[in-house]
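Count the first sequence with my numbering and you get residues 55 to 959, in order. Below is one structure, written out as structure tokens; the observations come after it.
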Amino acid sequence: MITIPPRYNPKQSEEKWYQFWEENNFFHAEVDSKRKPYCIVIPPPNITGILHMGHALNNTVQDILIRFRRMQGYATLWMPGTDHAGIATQNVVEKEIAHEGLRRQDLGREKFLERTWLWKEKYGSTIITQLKKLGCSCDWQRTRFTMDEQYSLAVTEVFIRLAERGLIYKANYIINWCPRCQTALSDEESAHKEVKGNLYYIKYPLKDSGMDYIVVATTRPETMLGDTAVAVNPKDKRYKKLIGKTVILPLVEEEIPIIGDSGVDPKFGTGIVKVTPAHDPNDFEIARRHSLYAKIVMNPNATMNQNVPLDYQRMDRFEAREAILEDLEERGLLEKIVPHEHSVGHCYRCHTMVEPYFSEQWFVDMPKLAEAAEDIVKKGKLKFHPPRWKKVYLNWMKGLHGWCISRQIWWGHRIPAWYCPDCKRAYDAAHKGKALLTERIDLLEASILVSLENPKFCPRCGRTDLKQDEDVLDTWFSSWLWPFAIFGWPTLDKKQSEELKYFYPTQVLVTAQEIIFFWVARMIMAGMHFMKEAPFSDVYIHGTVRDITGTKMSKSLGNIIDPLEIVKQYGCDALRFSIISLVATGQDVNLAQNKFEGGRNFANKIWNAARFILTNLDKEKAKADLCLSAKDITELKERWILSRFYQTLDNVTKSLDNFRFNDAAKSCYEFFWHEFCDWYIELAKKTISSKQTQLVLYKVLEKTLRMLHPFMPFITEEVWQSLPHEGKSIMISPWPHVEKQFIDEKIDAQMQRIISSIVAIRNIRSVWQIETNKNIQAEISVASQALEKLFSSCASYIKDSARIESLKVGRNLKRPKGAAVAVLTDVEIFIPLEGIINVEKEARRLTQKRYDLEKLLEITDKKLKNKEFISKAPKEIVEREKEKKEKLKDSIKKLKDNLKGFHLK
RNA sequence: GGGCGGUUGGCGCAGUUGGUUAGCGCGUUUGCUUGACAUGCAAAAGGUCACAGGUUCGAAUCCUGUACCGCCCACCA
Numbered sequence: 055m056i057t058i059p060p061r062y063n064p065k066q067s068e069e070k071w072y073q074f075w076e077e078n079n080f081f082h083a084e085v086d087s088k089r090k091p092y093c094i095v096i097p098p099p100n101i102t103g104i105l106h107m108g109h110a111l112n113n114t115v116q117d118i119l120i121r122f123r124r125m126q127g128y129a130t131l132w133m134p135g136t137d138h139a140g141i142a143t144q145n146v147v148e149k150e151i152a153h154e155g156l157r158r159q160d161l162g163r164e165k166f167l168e169r170t171w172l173w174k175e176k177y178g179s180t181i182i183t184q185l186k187k188l189g190c191s192c193d194w195q196r197t198r199f200t201m202d203e204q205y206s207l208a209v210t211e212v213f214i215r216l217a218e219r220g221l222i223y224k225a226n227y228i229i230n231w232c233p234r235c236q237t238a239l240s241d242e243e244s245a246h247k248e249v250k251g252n253l254y255y256i257k258y259p260l261k262d263s264g265m266d267y268i269v270v271a272t273t274r275p276e277t278m279l280g281d282t283a284v285a286v287n288p289k290d291k292r293y294k295k296l297i298g299k300t301v302i303l304p305l306v307e308e309e310i311p312i313i314g315d316s317g318v319d320p321k322f323g324t325g326i327v328k329v330t331p332a333h334d335p336n337d338f339e340i341a342r343r344h345s346l347y348a349k350i351v352m353n354p355n356a357t358m359n360q361n362v363p364l365d366y367q368r369m370d371r372f373e374a375r376e377a378i379l380e381d382l383e384e385r386g387l388l389e390k391i392v393p394h395e396h397s398v399g400h401c402y403r404c405h406t407m408v409e410p411y412f413s414e415q416w417f418v419d420m421p422k423l424a425e426a427a428e429d430i431v432k433k434g435k436l437k438f439h440p441p442r443w444k445k446v447y448l449n450w451m452k453g454l455h456g457w458c459i460s461r462q463i464w465w466g467h468r469i470p471a472w473y474c475p476d477c478k479r480a481y482d483a484a485h486k487g488k489a490l491l492t493e494r495i496d497l498l499e500a501s502i503l504v505s506l507e508n509p510k511f512c513p514r515c516g517r518t519d520l521k522q523d524e525d526v527l528d529t530w531f532s533s534w535l536w537p538f539a540i541f542g543w544p545t546l547d548k549k550q551s552e553e554l555k556y557f558y559p560t561q562v563l564v565t566a567q568e569i570i571f572f573w574v575a576r577m578i579m580a581g582m583h584f585m586k587e588a589p590f591s592d593v594y595i596h597g598t599v600r601d602i603t604g605t606k607m608s609k610s611l612g613n614i615i616d617p618l619e620i621v622k623q624y625g626c627d628a629l630r631f632s633i634i635s636l637v638a639t640g641q642d643v644n645l646a647q648n649k650f651e652g653g654r655n656f657a658n659k660i661w662n663a664a665r666f667i668l669t670n671l672d673k674e675k676a677k678a679d680l681c682l683s684a685k686d687i688t689e690l691k692e693r694w695i696l697s698r699f700y701q702t703l704d705n706v707t708k709s710l711d712n713f714r715f716n717d718a719a720k721s722c723y724e725f726f727w728h729e730f731c732d733w734y735i736e737l738a739k740k741t742i743s744s745k746q747t748q749l750v751l752y753k754v755l756e757k758t759l760r761m762l763h764p765f766m767p768f769i770t771e772e773v774w775q776s777l778p779h780e781g782k783s784i785m786i787s788p789w790p791h792v793e794k795q796f797i798d799e800k801i802d803a804q805m806q807r808i809i810s811s812i813v814a815i816r817n818i819r820s821v822w823q824i825e826t827n828k829n830i831q832a833e834i835s836v837a838s839q840a841l842e843k844l845f846s847s848c849a850s851y852i853k854d855s856a857r858i859e860s861l862k863v864g865r866n867l868k869r870p871k872g873a874a875v876a877v878l879t880d881v882e883i884f885i886p887l888e889g890i891i892n893v894e895k896e897a898r899r900l901t902q903k904r905y906d907l908e909k910l911l912e913i914t915d916k917k918l919k920n921k922e923f924i925s926k927a928p929k930e931i932v933e934r935e936k937e938k939k940e941k942l943k944d945s946i947k948k949l950k951d952n953l954k955g956f957h958l959k
């Protein structure tokens, strides 16, 4: 007798088997010309990352796909790695040194980077360790980091190649500036949020016209210090005559022109807009059209700079706002204040309000790169799942501006550009004030050299101490190369080029919707440009993990559920199975702690079913015939469970092929629990030692474990290892084949009749409160010889499952006196319970049943009387309705006949 | 301003090209120390599929509109 604990102990198996898999190198993949490749690149988590439910969902999906394909025989590679996460990591290290009272400037660039590398060594792989706790079968030997030496080379190379083609350029442009991080951000890194503010109506006196003034409306009065014009719409009759006149900018007391620009909306505010080219993207565009000068009025930390009147200098932007409003008020220049809601960009890292800021930055020419990336998706060669994201993607591609890639931080890939200080200064001086017109800076003219190595001298003046650009590249400028840079591109040795050729393009990318623009779109661009092929053929976009009220989980809200805590409490398989069952394609998932009980209970069910089978398995018998054919199985219950198993397997395989993970999980669950355990194992108890039962118990369990393995890797391995098996691990065992010979719908229908009959009897027992252990008698009256045969041969199923002591099966039997009745299609069941049942109550029960069926009959009848239905509906539908009608009629008649026998008063 | 998603029994959700008596999990009720499992077993109750029109022989499913909730995009001074 084997003793197995009644409860599954996840912790123990998780540790044991994960180690076993790693030791045996099962996660590792090599180029194998005999097999097809299947590759997924992990969305590299930030080194600052701490595992959250989003990761749990994202990586469970990937691991399921990877394990599924691995079992199917693909050369399966899941490439792992981490992202250096420029701003995020720098912020973390800055916080750390702040405890020592230091700022990064105190350390200096070199020392600060040393600290950051140390931090990375210490904490940077936390997330990797955590991913292992989820059971992820990544090829860890190949783990990459976006700042690895070779990877960095790819980044630099890409920068140079794009710069050479003019696809990367330097320009004076208005960008998003985070005053706290003190760096430029891309459009995507500035997250728009609705902010309740005010619209301030400010009077600008007209020059040379006494008391006359015009009124502009603004939400950010502090920027008025940088106004270089006032604009009206030239079609606006009210103000047309103002164009060409001059106003005196209050507080600054400078003369600025009134210009006409069609971008001005006459309906908004007063229809007159102040133009601040250096601090508003809209105004910047106006300024370019009118060759206006851009006056920067803020320092990088968003305090007012030396270009504003002394009183406001060094004030914070919001402080300055208050001061300016007060001063305007005092001068009678503040007309009114109207509450106004508008959306304002916020830094996606620190949530500080972003300032539009005019500055010199590096950009990628996105519209150019977008062409091929747009095309490949339009053609359908790259598919999104669910498909609605295609539209979102294409729409984004259409509206692209330049991508600002320079960041004024230290942690990251330093821009491979060098300046000659003299020549650059000369260039700047020559272009001062013209900057708006000459948006792109001519690198040659400005003596900016883009190259892999530090250039020896300035080609213009010969100076030898050239200075490297201080800025680093946007983190996403390295992650967009991920699918090919991880293989060593572009400096490939022989092995690497083989691998790149074999594994690129990869198969699927799994990610969340908020990453589509940041990363997915850009990877497609980079892939198309550098590899001439999209980096993957399918993109699976999963939903966002939320709490039970539908709020996004976040640390600051305190509504997070820690996946590792769930693993500890419920087990990894429970976490995986629960989360995957909840996620319908692309739908968000609302989680609560108790949602994981389902997965835990399922794991426990698997454990106990296996426990039962193992304790009863005669290993010799089970092993005896591993390749049985359908002919060897004669018993209904055995044929049925095999038929159901292969149907389920077929379902699960197809669902996984189509990224329908919840369907797959539900099929497994339904089959295992409600068919295999509830019916088959229960029935099998009576024939446990028969060869057929032994074979089928073993065969179905073993194959079901394999089917479940991608979802629940640990418990399936644990159980599988205790069963007779071939091979070293379930994770490298083959995905079962759908053996069609076992699928038999007639068998399913027959078994269904038996099951329905058992349920009907149990129902009667329950209604009349017959004690569970009390044996009763039953008579089953059937309509045909075939049914008589079926019920006779399955009499034992019914007797065992419904606790029937003696069962009589016959044709057209009459209801014994005082018997309870159940009417099923072509079957009547009588349970003699004279004295126990209440005749009137039983009659009411049957009448209710009859009433229900009559309602159905009415609907069916109506359909069949409808000539259009008969002529227009497909034949098989009509046929089905006809059959249904006959069955209903028959059942109703039987109910009526039985009711007659009750002789009610 | 534009786009997208959601609205199905008390709660959380499935429902693939329109066609079974609309399913599942949790919860609820009743009964069970049935020899794998009380993280269990058995039986049951509970829904006019947000609303209004339309298409169709037939609509939870397709179309139009409305309401509410949520998300994304946009140069809304």
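Idealized CB from N, CA, C, for every residue including glycine.
Taking one beta carbon from each stretch, the region 469–487 and the region 551–560 have fewer than 3 pairs nearer than 8 Å; the two do not touch. Pairwise C-beta distances place the region 248–265 out of contact with the region 417–435, as fewer than three of them are shorter than 8 Å.
Look at L777 here: in three-state DSSP terms it is coil, with no helix or strand label. Just so you know, the alpha carbons of D642 and H596 end up roughly 7 Å apart.
Within the same chain, I469 and A471 come within 6 Å of D523 by CB-CB distance, once the 5 residues on both sides are set aside. Taking a C-beta distance under 9 Å as the contact criterion, I633 and Y62 do not qualify as a contact pair. Three or more Cβ pairs closer than 8 Å define a contact, and the region 128–141 falls short of that threshold against the region 209–218.
When the alpha-carbon of S838 is set against those of G864, R343, A719 and V754, the nearest one is in G864. In chain order, E395 and S397 place their CB closer than 7 Å to the CB of E248, counting only its own chain and leaving out the 5 sequence neighbours on each side.
If one requires a minimum length of 3 residues, the beta strand (DSSP E) runs lying completely within the region 867–907 are 873–878 and 881–886, in chain order. For the pair D281 and I310, the CB atoms are nearer than the 9 Å cut-off. Counting the other Cβ atoms within 10 Å of the Cβ of F730 gives 16 or more, which makes it buried. It is roughly 31 Å from the alpha-carbon of F796 to the alpha-carbon of A628. Look at Q415 here: in three-state DSSP terms it is strand. The DSSP-derived three-state label of L221 is coil. The three-state secondary structure of E389, taken from DSSP, is strand. The criterion of a C-beta distance shorter than 9 Å is satisfied by A876 and S811. Taking C-beta atoms as the reference points, N662 and P64 fail to come closer than 9 Å. A straight line joining the alpha-carbon of D525 with that of Y594 spans about 35 Å.
When the beta-carbon positions are compared, V408 and W171 stay at least 9 Å from each other. For D281, no beta strand (DSSP E) segment is defined, and its DSSP state is neither H nor E.
By the beta-carbon neighbour count (other beta carbons within 10 angstroms, threshold 16), D117 is buried.
Here N644 is bridged, per DSSP, to R600. Here S413 is not near Y223, since their CB atoms are 9 Å or more apart.
Residue K720 holds the alpha-carbon nearest to the alpha-carbon of S635 among K720, S846 and T136.
Between L119 and A83, the C-beta spacing is not below 9 Å. Note on the region 491–575: whole alpha helix (DSSP H) runs with a minimum of 4 residues are 529–533, 536–539 and 548–557, in chain order. Looking from the CA of R219, the closest CA among F417, E77, R343 and R819 belongs to F417. In chain order, F650 and R654 place their CB closer than 6 Å to the CB of Y624, counting only its own chain and leaving out the 5 sequence neighbours on each side. When the Cα atoms are used, N866 and S835 turn out to be separated by approximately 5 Å. Per the C-alpha coordinates, the member of R371, D365 and P393 positioned closest to D381 is D365. With contacts defined as CB atoms closer than 9 Å, P513 and L497 fail to qualify as a contacting pair. Here G103 is not bridged, per DSSP, to any residue. P275 is the residue among A285, Q195, P275 and K349 whose C-alpha sits nearest the C-alpha of E376. Proximity to P475 across R494, F511, I463 and V446 peaks at F511, based on C-alpha coordinates. The beta carbon of P559 is closer than 8 Å to those of P537, G581, M585, E587, A588, P589, F590 and S591 in its chain, skipping five residues each way along the sequence.
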